[in-house]
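K.L.:
Protein chains in written order, with the numbering used here: chain A, 169 to 450; chain U, 53 to 214.
#1: Does residue 127 of chain U get closer than 7 Å to chain A when you measure Cβ to Cβ?
#2: Going by CA-CA distance only, name the one from A:431, A:334, A:423 that's closest to residue 444 of chain A.
#3: Report the rounded CA-to-CA distance for residue 328 of chain A versus residue 322 of chain A, giving the unit in angstroms.
#4: Just by C-beta distance, which residues in the segment 348-380 of chain A are closer than 7 Å to chain U?
#5: Got a sec? Which residues, its chain only, sit under 8 Å from residue 262 of chain A by beta carbon, not counting five neighbours each side?
#6: Please confirm if the segment 341-351 of chain A is in contact with the segment 372-389 of chain A, defined as three or more CB-CB distances below 8 Å between the two stretches.
#7: With a cut-off of 8 Å, do at least 3 Cβ pairs link the segment 130-141 of chain U to the segment 71-90 of chain U?
#8: Taking DSSP as the reference, what is the three-state secondary structure of residue 179 of chain U?
#9: Below 7 Å on C-beta distance, what does residue 23 of chain U contact in chain A?
#10: Using CA atoms only, rank isn't needed, just tell me which of A:434, A:442, A:446, A:180 is closest to residue 215 of chain A.
#11: What number of angstroms, rounded off, separates the C-alpha of residue 107 of chain U from the C-alpha of residue 127 of chain U?
#12: Along the alpha helix (DSSP H) that carries residue 388 of chain A, what are the first and last residues, could you check?
#13: Give me the subset of the segment 90-113 of chain U whose CB atoms are less than 8 Å from a CB atom of chain A, sorted by chain position.
#14: Give me the residue from A:247, A:185, A:249, A:196 with the minimum Cα distance to residue 223 of chain A.
#15: Using 8 Å for Cβ pairs, my map puts residue 398 of chain A next to residue 437 of chain A. What's the rounded Cβ distance?
#16: What residues in its chain sit with their C-beta under 6 Å from that of residue 290 of chain A, if we drop five residues either side in the sequence?
#17: Quick one: using the 10 Å Cβ neighbour count with 16 as the cut-off for buried, is residue 285 of chain A buried or exposed?
#18: Any chance you could list the alpha helix (DSSP H) runs of at least 4 consecutive residues sitting entirely within the segment 263-329 of chain A, in chain order?
#19: Counting only Cβ pairs nearer than 9 Å, list the residues of chain A close to residue 190 of chain U.
#20: Could you have a look at residue 244 of chain A and say whether DSSP puts it in helix, strand or coil?
#21: Under 7 Å between the Cβ atoms of residue 219 of chain A and residue 204 of chain A?
#22: Which word fits residue 122 of chain U, buried or exposed, when buried means at least 16 other C-beta atoms lie within 10 angstroms of its C-beta?
#23: Is residue 187 of chain U closer than 7 Å to residue 66 of chain U when the C-beta atoms are compared?
#24: Considering only the beta carbon of each residue, do residue 251 of chain A and residue 277 of chain A sit closer than 7 Å?
#25: For the putative contact between residue 274 of chain A and residue 228 of chain A, defined by C-beta atoms under 8 Å, what is the C-beta separation to the nearest angstrom?
#26: Given a cut-off of 7 Å on the beta-carbon distance, is the pair residue 376 of chain A and residue 297 of chain A in contact?
#27: Take the Cβ of residue 242 of chain A as the centre, count every other Cβ of all protein chains shown within 10 Å, and call the residue buried at 16 or more, exposed below.
#28: Are residue 149 of chain U and residue 97 of chain U touching if we call contact CB-CB under 7 Å?
#29: Regarding residue 173 of chain U and the ligand FAD, is the C-beta to nearest heavy atom distance less than 6 Å?
#30: Kindly list the residues whose CB is nearer than 7 Å to the CB of residue 61 of chain U, restricted to its own chain and excluding five residues on each side of it in sequence; keep chain order.
#31: Using three-state DSSP, classify residue 109 of chain U as helix, strand or coil.
#32: With a threshold of 16 other CB atoms inside 10 Å of the CB of residue 432 of chain A, please say whether the residue is buried or exposed.
#33: Go ahead and pull the three-state DSSP assignment for residue 229 of chain A.
#34: Mind pulling the chain A residues with CB within less than 8 Å of residue 130 of chain U?
#35: Could you name the residues of the same chain whose beta carbon sits closer than 8 Å to that of residue 417 of chain A, not counting the 5 residues immediately before and after it, in chain order?
#36: Could you list which residues in chain U have their beta carbon closer than 8 Å to that of residue 386 of chain A, in chain order?
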């Protein structure tokens with residue numbers, strides 16, 4: 169993983185390369201991380217925020233964000249929730265089984281623009297997965313950035329993704345605040361929604377960039393709260409999702425107004441999609 | 053806690069933003085610092101609404117309890133936040149139960165003295181009530197988001213499913 173603009177893949181982007189499942193990590197109920205290693209001698213390269221089309225013969229393809237940090241050399245993580253036919257079929261696979269991969273595709277998080285700035289990351293539910301690569305990148309290059317803060321919300325404490333990594337992230341310099349919609353008696357943390365934890369960072373608002381990923385309506389609330397707090401709308405980036413087919417902006421399945429989520433996104437500056445995110449039929 | 057420390061605590065609370073030094077001192081003078089152990093009940097739903105609070109440290113869980121339902125934790129209030137809008141809006145009874153999640157220090161603010169200050173100092177009253185309205189608006193927005201069940205299986209999407 170590096171932080172330069174995405175190169176066009178040297179391989180045929182229409183053809184899947186075969187990867188083997190090296191490891192499966194049970195994360196939270198109905199969500200697992202599949203650690204994939206290439207069958208060829210290629211070294212997977214990707215940018216934080218990009219996604220792959222994961223192909224399972226007989227079932228089809230699903231767009232899955234790459235969720236690994238750069239330390240997992242020659243492997244790529246994909247954190248998957250079983251929802252549709254493809255992801256449900258992938259859940260039945262085990263270590264050693266093969267899947268096809270096309271990608272990486274998409275516009276990444278703007279990591280090069282973050283240098284010298286404070287970064288506020290706001291994630292909801294499984295939306296932490298597309299943010300994990302950028303978190304790892306920021307922490308591996310910690311001195312290049314100002315204040316780093318993650319606000320993360322989930323439905324229940326049991327549904328907080330990547331909990332095993334939280335201590336390491338905190339030690340590496342990530343301030344974290346976690347909240348859940350429904351707390352158990354054992355839960356000592358915050359109860360409520362992520363926007364309640366959004367307060368201005370200690371640094372100047374003008375040097376803060378906000379990266380958010382989660383349910384689309386959550387991102388809308390996050391952006392609105394950030395603007396109310398005085399943050400610059402142009403410094404808010406959202407990660408959108410729609411069903412995707414070709415992943416190259418040719419089939420039109422993921423068209424979103426003038427944008428194609430697969431090619432122009434999935435990461436967008438908020439002002440570019442703000443009005444579209446309020447259209448109920450889109 | 054010294055008077056000046058108490059003033060600094062109150063100054064940071066949203067509801068008291070922008071009020072004069074004189075009014076800040078008056079609010080601090082009416083405050084009583086109290087401490088609670090973990091899992092202590094500060095007030096119960098239905099209690100007379102006579103005291104508001106500022107959380108100095110710790111966390112307070114707001115709960116709604118009912119027979120056959122148990123106690124459901126609906127929100128938490130933390131350091132630097134105002135707790136107890138019912139008293140200052142003249143509700144007769146508190147609408148939730150407040151219980152500490154961890155050892156917690158609070159400033160108790162008697163309703164009668166807060167409202168008397170509002171009457172004596174309309175500038176303070178306007179600023180304080182505006183702050184209360186903003187606090188309630190934030191909680192209303194949060195409740196709306198919770199109603200949307202953002203993380204239900206149908207609602208969630210983030211490039212990790214199909």
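Where a beta carbon is used, it is the ideal one built from N, C-alpha and C, also for glycine. All values reported here derive from a predicted model rather than from experimental measurement.
P.N.:
So, from the data block:
#1: Counting from 1 along the second chain, the entry for residue 127 of chain U is found at position 75. Yes, residue 127 of chain U lies at the interface with chain A (some Cβ there is under 7 Å from its Cβ).
#2: Within the first chain, the letter at position 276 stands for residue 444 of chain A. Minimum Cα distance to residue 444 of chain A is reached at A:423.
#3: Counting from 1 along the first chain, the entry for residue 328 of chain A is found at position 160. Counting from 1 along the first chain, the entry for residue 322 of chain A is found at position 154. Cα to Cα, the separation comes out at about 6 Å.
#4: 349, 351, 356, 358, 359, 360, 361, 363, 364
#5: Sequence index remark: in the first chain, residue 262 of chain A carries index 94 (1-based). The answer, listed in chain order, is 189, 192.
#6: no
#7: no
#8: Residue numbering aside, residue 179 of chain U sits at position 127 when the second chain is read from its first letter. Helix.
#9: What is shown of chain U runs 53 to 214, which leaves residue 23 of chain U out entirely.
#10: In the first chain, residue 215 of chain A corresponds to position 47, counting from 1. Of the candidates A:434, A:442, A:446, A:180, the one whose C-alpha sits nearest the C-alpha of residue 215 of chain A is A:434.
#11: Within the second chain, numbered from 1, the residue matching residue 107 of chain U stands at position 55. Within the second chain, numbered from 1, the residue matching residue 127 of chain U stands at position 75. Roughly 14 Å separates the two Cα atoms.
#12: Position 220 of the first chain, counted from the first residue, corresponds to residue 388 of chain A. First-last of the alpha helix (DSSP H) with residue 388 of chain A: 384-396.
#13: 111, 113
#14: Here residue 223 of chain A corresponds to residue number 55 of the first chain, with the count starting at 1. Ranking the options by Cα distance to residue 223 of chain A, first place goes to A:185.
#15: In the first chain, the residue the question calls residue 398 of chain A occupies position 230. In the first chain, the residue the question calls residue 437 of chain A occupies position 269. The Cβ separation is near 18 Å, so there is no contact.
#16: Counted from its first residue, the first chain places residue 290 of chain A at position 122. Excluding residues within five positions, the ones whose Cβ falls inside 6 Å are 319, 362, 380, 390.
#17: Taking the first residue of the first chain as position 1, residue 285 of chain A is located at position 117. Label assigned to residue 285 of chain A: buried.
#18: 296-308
#19: Here residue 190 of chain U is taken as the residue at index 138 of the second chain, counted from 1. Under the 9 Å cutoff, chain A gives 363, 364, 393.
#20: What you label residue 244 of chain A is simply residue 76 of the first chain in a count that begins at 1. Residue 244 of chain A falls in the strand class under three-state DSSP.
#21: Mapped onto the first chain, residue 219 of chain A falls at position 51. Mapped onto the first chain, residue 204 of chain A falls at position 36. Contact: no.
#22: Here residue 122 of chain U is taken as the residue at index 70 of the second chain, counted from 1. By the 10 Å Cβ count, residue 122 of chain U comes out exposed.
#23: Sequence index remark: in the second chain, residue 66 of chain U carries index 14 (1-based). Sequence index remark: in the second chain, residue 187 of chain U carries index 135 (1-based). In this structure, residue 187 of chain U lies closer than 7 Å to residue 66 of chain U by Cβ.
#24: As a first step, residue 251 of chain A must be located in the first chain, where it is residue number 83. As a first step, residue 277 of chain A must be located in the first chain, where it is residue number 109. Result no, Cβ atoms of residue 251 of chain A and residue 277 of chain A do not sit closer than 7 Å.
#25: What you label residue 274 of chain A is simply residue 106 of the first chain in a count that begins at 1. What you label residue 228 of chain A is simply residue 60 of the first chain in a count that begins at 1. Between residue 228 of chain A and residue 274 of chain A the Cβ distance is about 19 Å, and since that is not below 8 Å, they are no contact.
#26: On the first chain, residue 376 of chain A is found 208 positions in, with the first residue counted as 1. On the first chain, residue 297 of chain A is found 129 positions in, with the first residue counted as 1. Not closer than 7 Å, so no.
#27: Here the question's residue 242 of chain A lines up with position 74 in the first chain. Classification for residue 242 of chain A: exposed.
#28: Along the second chain, one-based indexing puts residue 149 of chain U at 97. Along the second chain, one-based indexing puts residue 97 of chain U at 45. In this structure, residue 97 of chain U lies closer than 7 Å to residue 149 of chain U by Cβ.
#29: Among the components modelled here there is no ligand, and therefore nothing to report on the ligand FAD.
#30: Start at 1 with the first residue of the second chain, and residue 61 of chain U comes out as number 9. The residues are 106, 108, 159.
#31: One-based indexing of the second chain puts residue 109 of chain U at position 57. Looking at residue 109 of chain U - three-state DSSP - the assignment turns out to be strand.
#32: By 1-based counting over the first chain, the position of residue 432 of chain A is 264. It is buried - the Cβ of residue 432 of chain A has at least 16 other Cβ atoms within 10 Å.
#33: Here residue 229 of chain A is taken as the residue at index 61 of the first chain, counted from 1. Strand at residue 229 of chain A.
#34: Walking along the second chain from the start, residue 130 of chain U turns up at place 78. What residue 130 of chain U touches in chain A: 358.
#35: Here the question's residue 417 of chain A lines up with position 249 in the first chain. Hits under 8 Å: 428, 430, 431, 432.
#36: Counting from 1 along the first chain, the entry for residue 386 of chain A is found at position 218. Simply 197, 202.
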